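Only one structure is covered here, and it is reproduced in the block below.
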Amino acid sequence: MAAHHPRESQWPKKELPEARKIMKQIGAQIPRIVESIQVDWSALGRVVAEEVKSSEDMPPVAASTKDGYAVIAHDGIGLKKMVGVSLAGNIYQGAVEIGKCVRISTGGIIPEGADAVIMREYTELVRQDQQSEETEIICKQAVQVGENIRLPGSDVRSSDVIVPFEAQIGSAEFGILNAFGIRTIKVYKKPVVTVISTGSELVSPMVENVPLGMVRDSNAPQLVALFKEHGFNVIDGGRVVDDKEGLDKKLTECLEHSDVIVTTGGVSMGEQDYMKNALLHLGFKIEFGRVSMKPGLPCTVATRESASERKLKVVLALPGNPASAWVCSHLFAVPLIRDMSGYRRINHTKINVRIAQDIKLGDRPEFVRAFIEQVGDEDDGHPIAHVTKNQISSNIGNLVGAQVLLELNAASADKTVVPKNGLVKALILSSNGNF
(Lines of atoms letter the chains of each structure in order from A; the text may use other names.)
(Lines give C-alpha, C1' and ligand atoms only; values in the text may rest on other atoms or scores of the structure.)
Protein backbone atom coordinates (compact mmCIF):
# COMPACT_ATOMS: atom_id res chain seq x y z
CA MET A 1 0.00 0.00 0.00
CA ALA A 2 1.31 3.42 -0.92
CA ALA A 3 2.24 5.74 1.92
CA HIS A 4 -0.12 8.59 2.71
CA HIS A 5 1.11 11.96 1.56
CA PRO A 6 -0.33 15.26 2.86
CA ARG A 7 -2.40 17.31 0.44
CA GLU A 8 -1.85 20.61 2.22
CA SER A 9 1.31 22.25 3.52
CA GLN A 10 1.72 22.65 7.27
CA TRP A 11 3.42 25.97 6.65
CA PRO A 12 1.15 29.02 6.44
CA LYS A 13 1.72 31.44 3.59
CA LYS A 14 3.38 34.67 4.64
CA GLU A 15 2.39 37.79 2.76
CA LEU A 16 5.35 39.32 0.95
CA PRO A 17 5.61 42.46 3.14
CA GLU A 18 5.70 40.26 6.25
CA ALA A 19 8.40 38.01 4.76
CA ARG A 20 10.49 41.05 3.89
CA LYS A 21 10.04 42.40 7.42
CA ILE A 22 11.26 39.09 8.84
CA MET A 23 14.35 39.24 6.61
CA LYS A 24 15.09 42.76 7.83
CA GLN A 25 14.74 41.60 11.45
CA ILE A 26 17.15 38.71 10.77
CA GLY A 27 19.69 41.13 9.33
CA ALA A 28 19.38 43.38 12.38
CA GLN A 29 20.29 40.45 14.68
CA ILE A 30 23.59 39.77 12.90
CA PRO A 31 26.45 42.01 14.08
CA ARG A 32 28.73 43.44 11.42
CA ILE A 33 32.38 42.52 11.76
CA VAL A 34 35.08 45.13 11.06
CA GLU A 35 38.45 44.28 9.53
CA SER A 36 41.41 46.24 8.16
CA ILE A 37 42.38 45.65 4.53
CA GLN A 38 44.99 46.91 2.08
CA VAL A 39 43.88 49.49 -0.48
CA ASP A 40 44.40 47.28 -3.51
CA TRP A 41 42.05 45.91 -6.17
CA SER A 42 40.38 43.64 -3.60
CA ALA A 43 39.07 46.76 -1.82
CA LEU A 44 36.66 47.51 -4.68
CA GLY A 45 33.06 47.00 -3.64
CA ARG A 46 33.84 46.90 0.08
CA VAL A 47 31.90 49.05 2.57
CA VAL A 48 33.88 51.47 4.73
CA ALA A 49 33.39 50.92 8.47
CA GLU A 50 35.19 54.11 9.53
CA GLU A 51 35.33 57.45 7.74
CA VAL A 52 38.62 58.20 6.01
CA LYS A 53 40.20 61.65 6.40
CA SER A 54 42.85 63.40 4.32
CA SER A 55 46.29 63.89 5.80
CA GLU A 56 47.23 66.86 3.61
CA ASP A 57 45.84 69.66 1.45
CA MET A 58 44.93 68.92 -2.16
CA PRO A 59 46.46 70.51 -4.11
CA PRO A 60 49.35 71.01 -1.70
CA VAL A 61 50.46 74.17 -3.55
CA ALA A 62 48.89 76.63 -6.00
CA ALA A 63 48.61 75.07 -9.47
CA SER A 64 47.39 76.13 -12.89
CA THR A 65 44.06 74.92 -14.26
CA LYS A 66 44.93 75.95 -17.85
CA ASP A 67 47.74 75.90 -20.36
CA GLY A 68 49.04 79.45 -20.59
CA TYR A 69 51.37 81.91 -18.86
CA ALA A 70 51.82 82.73 -15.18
CA VAL A 71 51.73 86.51 -14.77
CA ILE A 72 51.19 89.29 -12.26
CA ALA A 73 47.54 90.32 -12.62
CA HIS A 74 47.99 94.08 -12.10
CA ASP A 75 50.79 94.10 -14.70
CA GLY A 76 47.96 94.18 -17.24
CA ILE A 77 48.08 93.70 -20.99
CA GLY A 78 51.10 94.23 -23.19
CA LEU A 79 54.55 92.82 -23.86
CA LYS A 80 55.94 90.18 -21.49
CA LYS A 81 59.36 88.56 -21.47
CA MET A 82 59.26 84.83 -20.83
CA VAL A 83 61.79 83.79 -18.19
CA GLY A 84 61.05 80.09 -17.76
CA VAL A 85 58.69 77.16 -17.94
CA SER A 86 56.61 75.41 -15.22
CA LEU A 87 55.29 72.05 -16.30
CA ALA A 88 53.50 69.36 -14.31
CA GLY A 89 56.35 67.56 -12.57
CA ASN A 90 58.94 70.19 -13.61
CA ILE A 91 58.94 73.23 -11.30
CA TYR A 92 60.29 76.68 -12.29
CA GLN A 93 62.60 77.73 -9.47
CA GLY A 94 62.73 81.47 -10.15
CA ALA A 95 60.26 84.31 -9.54
CA VAL A 96 57.97 86.33 -11.82
CA GLU A 97 58.43 90.11 -11.89
CA ILE A 98 56.67 93.02 -13.61
CA GLY A 99 56.95 92.70 -17.36
CA LYS A 100 57.80 89.02 -17.20
CA CYS A 101 55.94 85.68 -17.38
CA VAL A 102 56.45 81.93 -17.11
CA ARG A 103 54.92 79.50 -19.60
CA ILE A 104 52.86 76.99 -17.61
CA SER A 105 50.89 73.81 -18.32
CA THR A 106 47.75 72.50 -16.66
CA GLY A 107 48.80 71.21 -13.26
CA GLY A 108 52.02 73.20 -13.24
CA ILE A 109 52.99 74.88 -9.95
CA ILE A 110 52.47 78.65 -9.86
CA PRO A 111 55.91 80.29 -9.56
CA GLU A 112 56.76 82.79 -6.86
CA GLY A 113 55.45 86.30 -7.63
CA ALA A 114 52.73 85.23 -10.09
CA ASP A 115 49.08 85.48 -9.03
CA ALA A 116 47.16 84.64 -12.23
CA VAL A 117 47.37 82.58 -15.40
CA ILE A 118 46.40 83.94 -18.79
CA MET A 119 45.23 81.30 -21.25
CA ARG A 120 47.45 80.76 -24.30
CA GLU A 121 44.65 81.73 -26.73
CA TYR A 122 44.58 85.26 -25.25
CA THR A 123 48.24 85.87 -26.06
CA GLU A 124 50.28 86.51 -29.19
CA LEU A 125 53.80 85.23 -29.88
CA VAL A 126 56.24 88.08 -30.59
CA ARG A 127 59.69 86.51 -30.63
CA GLN A 128 61.44 83.11 -30.53
CA ASP A 129 65.11 82.21 -30.08
CA GLN A 130 67.21 80.12 -32.47
CA GLN A 131 65.88 76.90 -30.89
CA SER A 132 62.27 78.07 -31.59
CA GLU A 133 61.67 78.62 -27.89
CA GLU A 134 59.31 81.49 -27.06
CA THR A 135 61.04 84.53 -25.59
CA GLU A 136 58.40 87.28 -25.76
CA ILE A 137 54.60 87.38 -25.92
CA ILE A 138 51.85 89.98 -25.81
CA CYS A 139 49.00 89.54 -23.33
CA LYS A 140 45.90 90.72 -25.19
CA GLN A 141 43.46 90.45 -22.29
CA ALA A 142 43.62 91.45 -18.62
CA VAL A 143 43.30 88.78 -15.93
CA GLN A 144 42.10 88.89 -12.33
CA VAL A 145 44.06 87.81 -9.28
CA GLY A 146 43.60 84.04 -8.84
CA GLU A 147 42.27 83.51 -12.36
CA ASN A 148 42.88 79.95 -13.62
CA ILE A 149 44.61 78.96 -10.37
CA ARG A 150 43.75 76.14 -7.96
CA LEU A 151 44.68 77.36 -4.50
CA PRO A 152 46.22 75.05 -1.88
CA GLY A 153 43.45 73.01 -0.25
CA SER A 154 40.84 74.23 -2.74
CA ASP A 155 39.89 70.63 -3.55
CA VAL A 156 40.41 69.03 -0.14
CA ARG A 157 41.68 70.41 3.16
CA SER A 158 43.82 68.45 5.56
CA SER A 159 41.53 66.45 7.90
CA ASP A 160 38.54 66.67 5.53
CA VAL A 161 36.51 63.46 5.19
CA ILE A 162 37.37 62.03 1.78
CA VAL A 163 35.47 58.71 2.06
CA PRO A 164 32.45 58.82 4.40
CA PHE A 165 31.30 56.14 6.82
CA GLU A 166 29.49 53.24 5.12
CA ALA A 167 30.46 54.37 1.61
CA GLN A 168 31.05 51.62 -0.92
CA ILE A 169 34.48 51.64 -2.53
CA GLY A 170 34.02 52.31 -6.23
CA SER A 171 36.41 53.75 -8.80
CA ALA A 172 36.09 57.33 -7.46
CA GLU A 173 36.69 56.29 -3.85
CA PHE A 174 39.57 54.05 -4.92
CA GLY A 175 41.09 56.96 -6.83
CA ILE A 176 40.96 59.44 -3.95
CA LEU A 177 42.41 56.90 -1.49
CA ASN A 178 45.36 56.45 -3.82
CA ALA A 179 45.67 60.21 -4.39
CA PHE A 180 46.29 60.66 -0.65
CA GLY A 181 48.53 57.60 -0.32
CA ILE A 182 46.19 55.80 2.07
CA ARG A 183 47.24 52.16 2.21
CA THR A 184 44.84 50.56 4.74
CA ILE A 185 41.18 51.14 5.59
CA LYS A 186 38.62 49.60 7.91
CA VAL A 187 35.74 47.83 6.18
CA TYR A 188 32.92 45.47 7.06
CA LYS A 189 33.85 41.84 6.63
CA LYS A 190 31.98 39.97 3.91
CA PRO A 191 29.83 37.09 5.10
CA VAL A 192 30.63 33.68 3.62
CA VAL A 193 27.81 32.42 1.42
CA THR A 194 27.59 28.79 0.31
CA VAL A 195 25.30 27.60 -2.48
CA ILE A 196 24.06 23.98 -2.53
CA SER A 197 21.93 22.29 -5.18
CA THR A 198 19.76 19.37 -4.04
CA GLY A 199 18.17 16.70 -6.21
CA SER A 200 18.85 13.09 -7.14
CA GLU A 201 18.25 14.02 -10.78
CA LEU A 202 21.17 16.45 -10.97
CA VAL A 203 24.43 15.85 -12.79
CA SER A 204 27.42 18.09 -13.40
CA PRO A 205 27.03 20.83 -16.03
CA MET A 206 30.11 19.27 -17.67
CA VAL A 207 28.31 16.02 -18.54
CA GLU A 208 27.89 15.82 -22.32
CA ASN A 209 25.47 12.91 -22.64
CA VAL A 210 22.90 13.34 -19.89
CA PRO A 211 21.12 10.08 -18.94
CA LEU A 212 17.37 9.93 -19.41
CA GLY A 213 15.57 11.46 -16.43
CA MET A 214 18.62 13.46 -15.29
CA VAL A 215 19.33 17.17 -15.78
CA ARG A 216 22.44 19.31 -15.64
CA ASP A 217 22.65 21.41 -12.50
CA SER A 218 22.11 25.03 -13.54
CA ASN A 219 20.89 26.48 -10.24
CA ALA A 220 24.21 26.43 -8.39
CA PRO A 221 26.21 27.98 -11.27
CA GLN A 222 23.46 30.56 -11.79
CA LEU A 223 23.27 31.63 -8.14
CA VAL A 224 27.03 31.56 -7.57
CA ALA A 225 27.34 33.84 -10.61
CA LEU A 226 24.57 36.13 -9.29
CA PHE A 227 26.27 36.52 -5.93
CA LYS A 228 29.66 37.08 -7.57
CA GLU A 229 28.09 39.83 -9.68
CA HIS A 230 27.24 41.56 -6.41
CA GLY A 231 30.77 41.12 -5.09
CA PHE A 232 29.80 38.60 -2.40
CA ASN A 233 32.15 36.03 -0.90
CA VAL A 234 30.49 32.92 -2.31
CA ILE A 235 31.41 29.22 -2.35
CA ASP A 236 29.95 26.55 -4.62
CA GLY A 237 28.97 23.87 -2.09
CA GLY A 238 28.21 21.30 -4.78
CA ARG A 239 25.26 18.95 -5.13
CA VAL A 240 23.55 16.53 -2.79
CA VAL A 241 21.00 13.83 -3.63
CA ASP A 242 17.53 13.67 -2.10
CA ASP A 243 18.59 11.71 0.98
CA LYS A 244 17.94 12.69 4.59
CA GLU A 245 21.29 11.59 5.94
CA GLY A 246 23.22 13.03 3.02
CA LEU A 247 21.41 16.34 3.32
CA ASP A 248 22.09 16.53 7.08
CA LYS A 249 25.75 15.82 6.47
CA LYS A 250 26.13 18.38 3.68
CA LEU A 251 24.41 21.14 5.69
CA THR A 252 26.47 20.34 8.79
CA GLU A 253 29.71 20.52 6.79
CA CYS A 254 28.80 23.82 5.17
CA LEU A 255 27.65 25.40 8.42
CA GLU A 256 31.19 25.12 9.75
CA HIS A 257 32.50 27.74 7.33
CA SER A 258 29.37 29.60 6.18
CA ASP A 259 27.37 32.54 7.51
CA VAL A 260 24.60 32.06 4.96
CA ILE A 261 23.65 28.91 3.06
CA VAL A 262 21.47 29.14 -0.04
CA THR A 263 19.97 25.84 -1.20
CA THR A 264 17.76 25.01 -4.16
CA GLY A 265 15.21 22.20 -4.32
CA GLY A 266 13.53 19.97 -1.77
CA VAL A 267 11.25 22.60 -0.18
CA SER A 268 7.86 21.80 -1.70
CA MET A 269 5.54 18.84 -0.97
CA GLY A 270 7.14 16.09 -3.07
CA GLU A 271 8.01 12.65 -1.70
CA GLN A 272 11.71 13.53 -1.62
CA ASP A 273 11.42 17.12 -0.36
CA TYR A 274 13.36 16.75 2.88
CA MET A 275 14.84 20.23 3.33
CA LYS A 276 12.48 21.67 5.94
CA ASN A 277 12.70 18.52 8.08
CA ALA A 278 16.48 18.51 7.75
CA LEU A 279 16.64 22.09 9.00
CA LEU A 280 14.39 21.29 11.95
CA HIS A 281 16.51 18.22 12.74
CA LEU A 282 19.62 20.43 12.84
CA GLY A 283 18.00 22.80 15.31
CA PHE A 284 16.93 25.55 12.95
CA LYS A 285 13.86 27.70 13.44
CA ILE A 286 11.75 28.00 10.30
CA GLU A 287 11.08 31.75 10.07
CA PHE A 288 8.74 31.17 7.15
CA GLY A 289 8.05 28.13 4.98
CA ARG A 290 5.96 29.64 2.21
CA VAL A 291 5.48 33.11 0.73
CA SER A 292 2.42 34.31 -1.14
CA MET A 293 4.21 35.20 -4.37
CA LYS A 294 4.87 33.89 -7.83
CA PRO A 295 7.30 32.42 -8.62
CA GLY A 296 8.67 31.14 -5.30
CA LEU A 297 5.72 29.99 -3.18
CA PRO A 298 7.73 27.34 -1.20
CA CYS A 299 10.60 29.75 -0.40
CA THR A 300 11.85 28.94 3.09
CA VAL A 301 14.10 30.86 5.50
CA ALA A 302 15.51 29.35 8.69
CA THR A 303 17.87 30.58 11.41
CA ARG A 304 19.96 28.99 14.16
CA GLU A 305 22.09 30.49 16.89
CA SER A 306 25.69 29.30 16.66
CA ALA A 307 26.78 28.60 20.24
CA SER A 308 30.49 28.44 19.42
CA GLU A 309 30.55 31.61 17.31
CA ARG A 310 27.75 33.49 19.11
CA LYS A 311 26.11 34.56 15.89
CA LEU A 312 23.11 33.68 13.79
CA LYS A 313 23.39 31.23 10.91
CA VAL A 314 20.87 31.66 8.09
CA VAL A 315 19.64 29.17 5.49
CA LEU A 316 17.59 30.30 2.53
CA ALA A 317 16.03 27.13 1.11
CA LEU A 318 14.73 28.09 -2.33
CA PRO A 319 12.57 26.20 -4.82
CA GLY A 320 14.34 24.07 -7.41
CA ASN A 321 12.72 25.67 -10.44
CA PRO A 322 15.34 27.98 -11.98
CA ALA A 323 13.15 31.10 -12.26
CA SER A 324 11.86 30.64 -8.71
CA ALA A 325 15.37 30.26 -7.26
CA TRP A 326 16.63 33.27 -9.20
CA VAL A 327 13.73 35.57 -8.26
CA CYS A 328 13.83 34.51 -4.58
CA SER A 329 17.59 35.13 -4.50
CA HIS A 330 17.04 38.67 -5.72
CA LEU A 331 14.21 39.35 -3.29
CA PHE A 332 15.56 37.70 -0.13
CA ALA A 333 19.19 36.56 -0.39
CA VAL A 334 20.73 39.63 -2.02
CA PRO A 335 19.23 42.20 0.42
CA LEU A 336 20.19 40.06 3.47
CA ILE A 337 23.79 39.58 2.31
CA ARG A 338 24.10 43.27 1.43
CA ASP A 339 22.81 44.12 4.91
CA MET A 340 25.35 41.77 6.53
CA SER A 341 28.09 43.32 4.36
CA GLY A 342 27.36 46.84 5.65
CA TYR A 343 25.61 48.37 2.64
CA ARG A 344 23.41 51.40 3.28
CA ARG A 345 21.01 50.52 0.47
CA ILE A 346 20.19 46.85 0.59
CA ASN A 347 17.14 46.63 -1.66
CA HIS A 348 16.92 46.92 -5.42
CA THR A 349 16.15 50.35 -6.86
CA LYS A 350 12.47 50.58 -7.79
CA ILE A 351 11.16 52.66 -10.72
CA ASN A 352 7.92 53.15 -12.65
CA VAL A 353 7.77 51.63 -16.14
CA ARG A 354 5.14 51.25 -18.83
CA ILE A 355 4.45 47.75 -20.11
CA ALA A 356 4.56 46.90 -23.80
CA GLN A 357 1.64 44.44 -23.69
CA ASP A 358 -1.36 43.46 -21.58
CA ILE A 359 -0.44 41.34 -18.55
CA LYS A 360 -2.99 39.11 -16.88
CA LEU A 361 -2.89 39.19 -13.07
CA GLY A 362 -2.84 35.97 -11.04
CA ASP A 363 -4.03 34.88 -7.61
CA ARG A 364 -0.74 35.91 -5.96
CA PRO A 365 1.59 38.89 -6.28
CA GLU A 366 3.92 38.12 -9.18
CA PHE A 367 7.42 39.13 -10.23
CA VAL A 368 7.53 39.11 -14.01
CA ARG A 369 10.89 39.04 -15.78
CA ALA A 370 11.27 41.83 -18.34
CA PHE A 371 13.76 43.90 -20.32
CA ILE A 372 13.76 47.64 -20.88
CA GLU A 373 13.63 50.03 -23.80
CA GLN A 374 14.73 53.40 -22.47
CA VAL A 375 12.49 55.56 -24.69
CA GLY A 376 8.75 55.40 -24.00
CA ASP A 377 6.07 55.58 -26.71
CA GLU A 378 4.17 58.05 -24.56
CA ASP A 379 7.22 60.33 -24.47
CA ASP A 380 6.66 60.92 -20.75
CA GLY A 381 10.05 59.72 -19.59
CA HIS A 382 8.96 56.27 -18.44
CA PRO A 383 10.94 53.32 -19.83
CA ILE A 384 9.01 50.63 -21.70
CA ALA A 385 9.21 47.10 -20.27
CA HIS A 386 8.88 44.02 -22.48
CA VAL A 387 8.07 40.71 -20.79
CA THR A 388 10.46 37.88 -21.60
CA LYS A 389 9.02 34.77 -23.23
CA ASN A 390 7.42 31.85 -21.39
CA GLN A 391 7.16 33.01 -17.76
CA ILE A 392 6.67 29.58 -16.16
CA SER A 393 8.99 29.04 -13.19
CA SER A 394 10.63 25.90 -14.57
CA ASN A 395 11.88 27.74 -17.67
CA ILE A 396 15.39 29.12 -17.28
CA GLY A 397 15.15 30.85 -20.67
CA ASN A 398 12.85 33.59 -19.37
CA LEU A 399 15.71 34.90 -17.20
CA VAL A 400 18.00 35.62 -20.14
CA GLY A 401 18.07 39.34 -20.90
CA ALA A 402 15.89 40.21 -17.89
CA GLN A 403 16.86 43.62 -16.50
CA VAL A 404 13.92 44.19 -14.17
CA LEU A 405 11.28 42.36 -12.18
CA LEU A 406 7.82 43.81 -12.71
CA GLU A 407 6.09 43.84 -9.33
CA LEU A 408 2.44 42.99 -9.99
CA ASN A 409 -0.36 42.81 -7.45
CA ALA A 410 -2.70 39.87 -7.26
CA ALA A 411 -5.89 40.08 -9.28
CA SER A 412 -8.89 41.71 -7.62
CA ALA A 413 -12.60 41.84 -8.38
CA ASP A 414 -12.18 45.12 -10.25
CA LYS A 415 -8.77 44.51 -11.84
CA THR A 416 -7.66 41.32 -13.56
CA VAL A 417 -5.37 42.76 -16.25
CA VAL A 418 -2.75 45.49 -16.45
CA PRO A 419 -3.32 47.01 -19.89
CA LYS A 420 -0.64 47.87 -22.41
CA ASN A 421 1.07 51.18 -21.52
CA GLY A 422 -0.09 50.79 -17.95
CA LEU A 423 2.33 51.93 -15.22
CA VAL A 424 3.80 49.30 -12.89
CA LYS A 425 6.65 49.16 -10.37
CA ALA A 426 9.89 47.52 -11.51
CA LEU A 427 12.92 46.38 -9.52
CA ILE A 428 16.23 47.05 -11.30
CA LEU A 429 18.27 43.85 -11.10
CA SER A 430 21.85 44.94 -11.84
CA SER A 431 24.28 45.05 -8.92
CA ASN A 432 24.79 48.82 -9.27
CA GLY A 433 21.11 49.76 -9.69
CA ASN A 434 21.42 50.73 -13.36
CA PHE A 435 20.33 49.14 -16.63
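Taking the UniProt record's numbering, the leading residue of the sequence shown gets 1, the next gets one more, and so forth.
Glycine included, every Cβ here is placed at the ideal spot set by N, Cα and C.
Since the model is a prediction, treat every value here as computed from it, not as a measurement.
Give me the residue from the options with the minimum Cα distance to residue i.
i, options, result
"G182", "F174, L318, K276", "Per the sequence shown, the amino acid found at residue 182 is Ile instead of Gly. Checking every option, the nearest Cα to that of I182 belongs to F174."
"A49", "D40, K189, E112", "K189"
"N421", "L405, C101, A402, I384", "I384"
"L223", "R46, S324, G94, G381", "S324"
"A179", "S55, K276, F227, R150", "S55"
"G362", "L408, V145, F371, S218", "L408"
"P319", "M293, S341, P335", "M293"
"H230", "E134, G199, Y343, I185", "Y343"
"I138", "S132, G94, A402, R120", "R120"
"C254", "N209, P298, V267, S197", "S197"
"M214", "V193, V203, E208", "V203"
"I33", "G27, D115, V187", "V187"
"S105", "A116, L429, S86", "S86"
"A19", "D243, P335, H257, L151", "P335"
"R304", "F284, D217, P419", "F284"
"N233", "Y92, K100, T194", "T194"
"Q374", "R354, P191, I359", "R354"
"I372", "R364, D380, K360, A356", "A356"
"S9", "F288, R216, S159", "F288"
"I346", "S430, E245, T123, P205", "S430"
"S159", "V52, A413, N321", "V52"
"V192", "Q168, E35, S341, K21", "S341"
"A426", "Q403, D259, H281, Q93", "Q403"
"S412", "R364, I396, V400", "R364"
"E97", "T416, A116, I91", "A116"
"T300", "E245, L280, G246", "L280"
"L399", "Y274, P322, E208, G153", "P322"
"I261", "G238, D217, K24", "G238"
Mind checking who residue i pairs with in its DSSP beta bridge?
i, result
"residue 484", "Look at the range of the chain in this structure, 1 to 435, and you will see that residue 484 is not part of it."
"residue 439", "It is not possible to answer for residue 439, since the shown part of the chain is limited to 1 through 435."
"K311", "S306"
"I118", "Y69"
"I384", "R354, E373"
"residue 441", "For residue 441 there is no data in the structure shown, the boundaries of the chain being 1 and 435."
"residue 441", "It is not possible to answer for residue 441, since the shown part of the chain is limited to 1 through 435."
"T184", "Q38"
"C328", "DSSP lists no partner for C328."
"K53", "V161"
"Q168", "V47"
"E112", "A95"
"M58", "V156"
"N390", "In the DSSP output, where bridge partners are listed per residue, N390 has none listed."
"T420", "Contrary to the premise, residue 420 reads as Lys rather than Thr in this sequence. In DSSP, K420 forms no bridge with anything."
"S64", "I149"
"V215", "L202"
"I104", "G68, S86"
"residue 483", "With the chain covering 1 to 435 only, the question about residue 483 has no answer from this structure."
"K13", "DSSP lists no partner for K13."
Assuming residue i contacts residue j (C-beta within less than 8 Å), just tell me the rounded distance between them.
i, j, result
"E136", "K80", "7 Å"
"A317", "T252", "Not confirmed; about 15 Å, so no contact."
"P31", "A70", "At roughly 56 Å, the Cβ-Cβ gap does not stay under 8 Å, so P31 and A70 are not in contact."
"L423", "N352", "5 Å"
"D236", "A278", "With 8 Å as the limit, D236 and A278 do not qualify as a contact, their Cβ atoms being about 20 Å apart."
"V241", "S200", "4 Å"
"V327", "P295", "6 Å"
"G108", "A95", "In fact, because the Cβ distance is near 15 Å, the residues do not count as touching under 8 Å."
"K428", "H348", "Note that residue 428 is Ile in the sequence shown, not Lys. About 6 Å separates the two Cβ atoms, so the contact holds."
"V315", "I359", "Contact doesn't hold; Cβ gap of about 33 Å is too wide."
"R157", "A63", "Not really, about 16 Å apart at Cβ, beyond 8 Å."
"A114", "V102", "7 Å"
Quick one: is residue i near chain C, going by C-beta distance under 8 Å?
i, result
"R127", "In the structure shown, chain C does not exist; there is a single protein chain."
Give, in chain order, every unbroken run of the alpha helix (DSSP H) that is at least 4 residues long and sits entirely within the segment 257 to 306.
275 to 281
Counting only runs that start and end within the segment 343 to 378, where is the beta strand (DSSP E) found for 3 or more residues in a row?
350 to 355, 366 to 373
Inter-stretch contact (C-beta, 8 Å, three-pair minimum) for the segment 43 to 59 and the segment 75 to 86:
no
Three Cβ pairs or more, each shorter than 8 Å: is that satisfied between the segment 357 to 371 and the segment 381 to 397?
yes
With a threshold of 8 Å, are at least 3 pairs of Cβ atoms found where one atom belongs to the segment 14 to 26 and the other to the segment 131 to 147?
no
Three or more C-beta pairs under 8 Å: does that hold for the segment 31 to 44 against the segment 124 to 136?
no
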